[in-house]
Amino acid sequence: MTIEAISVQYEYKKHVNIRQEMVENLREWIRKQPHLPAEFITDLDIILAFHCCEYDTERTKHLIDLNFTVRTLFSFYQNREVNECIEKALDTWLVTPLSTPTKKGYRPIYCQILDSDPNKFVYQDAVRAFTMIVDLWQYEEGTVPGIVIILNMKDVSLGHISQIDLIVAQQFFYYLQESMIVKLKEFHFINAPSHMDKLMMMIRPLMKDTFLNVIKVHEAGSKTIEEYFSIDALPEESTGIILKENILKKLKANRQFFEDESKKRVNEAKRPGGPKTIASFFSNVETSFKKLEID
Numbered sequence: 001m002t003i004e005a006i007s008v009q010y011e012y013k014k015h016v017n018i019r020q021e022m023v024e025n026l027r028e029w030i031r032k033q034p035h036l037p038a039e040f041i042t043d044l045d046i047i048l049a050f051h052c053c054e055y056d057t058e059r060t061k062h063l064i065d066l067n068f069t070v071r072t073l074f075s076f077y078q079n080r081e082v083n084e085c086i087e088k089a090l091d092t093w094l095v096t097p098l099s100t101p102t103k104k105g106y107r108p109i110y111c112q113i114l115d116s117d118p119n120k121f122v123y124q125d126a127v128r129a130f131t132m133i134v135d136l137w138q139y140e141e142g143t144v145p146g147i148v149i150i151l152n153m154k155d156v157s158l159g160h161i162s163q164i165d166l167i168v169a170q171q172f173f174y175y176l177q178e179s180m181i182v183k184l185k186e187f188h189f190i191n192a193p194s195h196m197d198k199l200m201m202m203i204r205p206l207m208k209d210t211f212l213n214v215i216k217v218h219e220a221g222s223k224t225i226e227e228y229f230s231i232d233a234l235p236e237e238s239t240g241i242i243l244k245e246n247i248l249k250k251l252k253a254n255r256q257f258f259e260d261e262s263k264k265r266v267n268e269a270k271r272p273g274g275p276k277t278i279a280s281f282f283s284n285v286e287t288s289f290k291k292l293e294i295d
């Protein structure tokens with residue numbers, strides 16, 4: 001199950017607005033940035049960013065710098081190994097790309113809780129697993145019009161919500177809104193329980209006003225998701241474990257991918273104008289509050 005990265009030549013044929021000379025110009029800019037890991041950034045990395053930024057060169061430069069800075073500083077980009085922590089995370093939390101696109105042509109990433117015991121849910125490992133799966137999928141899939149996250153809240157309890165580390169959540173929502181090299185078009189919460197308001201109270205301060213338009217909440221028993229995506233294309237509950245095993249096998253078969261990815265890190269000591277730190281992103285954060293306590 002070792003993946004084969006999408007062909008760069010295929011991407012050139014797929015998008016008339018992406019030409020080799022454009023990628024080479026961005027490559028030359030990257031080489032001139034002393035802090036960026038130029039030798040490890042691939043042409044596909046550049047193409048993904050360029051497509052995400054709608055072929056705007058200056059926005060692409062900003063996203064490339066930001067993406068690799070986030071990979072260097074944010075906690076869930078550290079220790080990206082397919083180890084016991086990741087295996088345990090996937091025992092509790094399914095993350096799987098779906099092959100059926102949404103009605104607008106976006107590609108869905110489906111998530112759901114597999115283990116109802118909240119004490120087994122480690123939020124940072126769940127987020128780490130999510131980003132690893134998305135990274136691997138993007139390299140295999142290439143450019144897409146956008147992605148949609150579908151989070152099935154059916155078995156998410158208050159106990160699960162109370163396990164959320166707010167510092168990690170803040171970094172995760174920044175990643176979703178600012179530094180992913182694909183556009184997040186929609187974020188659906190399906191089968192939303194009565195305590196959904198507790199989760200929204202927690203994550204609302206982490207979102208820009210414009211991001212609120214991306215969030216769609218669908219109550220338990222409703223079929224409002226049908227406006228965006230066919231309910232019949234969602235995984236059946238009984239297939240969750242099988243899907244998890246397939247994802248885990250793919251991660252294990254691609255350990256080299258993550259070893260290579262771990263080299264794509266910024267050398268902040270060489271950044272013109274001085275190094276960036278977590279405080280550069282979240283200077284007003286009370287880092288002592290790491291978890292939300294829910295009565």
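Heads up: the sequence shown at position 43 corresponds to 43 in full-length UniProt numbering, and the numbers run straight through without jumps. The C-beta atom is built at its ideal place from N, Cα and C for all residues, glycine as well. Keep in mind the model is a prediction, meaning the values are calculated, not measured.
Cβ neighbours of residue i in the same chain (closer than 6 Å, five flanking residues each side left out)
{"i": "L251", "result": "V82"}
{"i": "Y55", "result": "N17"}
{"i": "V148", "result": "T102, Y106, P108, K185 and E186"}
{"i": "V182", "result": "C52 and I147"}
{"i": "F172", "result": "V127"}
N-terminal and C-terminal residue of the beta strand (DSSP E) that residue i is part of
{"i": "K185", "result": "L184 to A192"}
{"i": "H218", "result": "I215 to E219"}
Paired residues, beta bridge with residue i - DSSP
{"i": "T96", "result": "Y110"}
{"i": "N152", "result": "Q112 and I190"}
{"i": "I147", "result": "R107 and L184"}
Classification of residue i by the beta-carbon crowding that lies within 10 angstroms, buried from 16 upward
{"i": "N152", "result": "buried"}
{"i": "P272", "result": "exposed"}
{"i": "F289", "result": "Reliability fails at F289, whose pLDDT of 44 lies under 50, so the model's placement of it is uncertain and the value that follows must be treated cautiously. Its Cβ having fewer than 16 others within 10 Å, F289 is exposed."}
{"i": "E11", "result": "buried"}
{"i": "Q92", "result": "Per the sequence presented here, residue 92 reads as Thr, with Gln not at that position. Under this definition T92 is a buried residue."}
{"i": "E237", "result": "exposed"}
{"i": "R31", "result": "exposed"}
{"i": "E21", "result": "exposed"}
{"i": "G221", "result": "exposed"}
{"i": "Q256", "result": "exposed"}
{"i": "M132", "result": "buried"}
{"i": "R128", "result": "buried"}
{"i": "K249", "result": "exposed"}
For residue i, the first and last residue of its enclosing alpha helix (DSSP H)
{"i": "I133", "result": "Y123 to E141"}
{"i": "N246", "result": "G240 to A253"}
{"i": "M200", "result": "M196 to I203"}
{"i": "A279", "result": "I278 to F281"}
8 Å CB neighbourhood of residue i in its chain, flanking five on each side removed
{"i": "H218", "result": "H188, F189, I190, N191, A192, T224 and I225"}
{"i": "L48", "result": "Q138, G142, T143, I181 and V182"}
Same chain, Cβ closer than 7 Å to residue i, neighbours up to 5 away in sequence not counted
{"i": "I294", "result": "Because I294 sits at a pLDDT of 49, beneath the cut-off of 50, its placement in the model cannot be relied upon, and the following sentence gives the value as read from the coordinates. Here the set comprises L158, I161, S162 and K198."}
{"i": "H35", "result": "V266, N267, E268, K270 and R271"}
Only counting runs of 4 or more residues, tell me where the alpha helix (DSSP H) segments fall wholly within the stretch 4 to 69, in order along the chain.
8 to 14, 20 to 31 and 43 to 52
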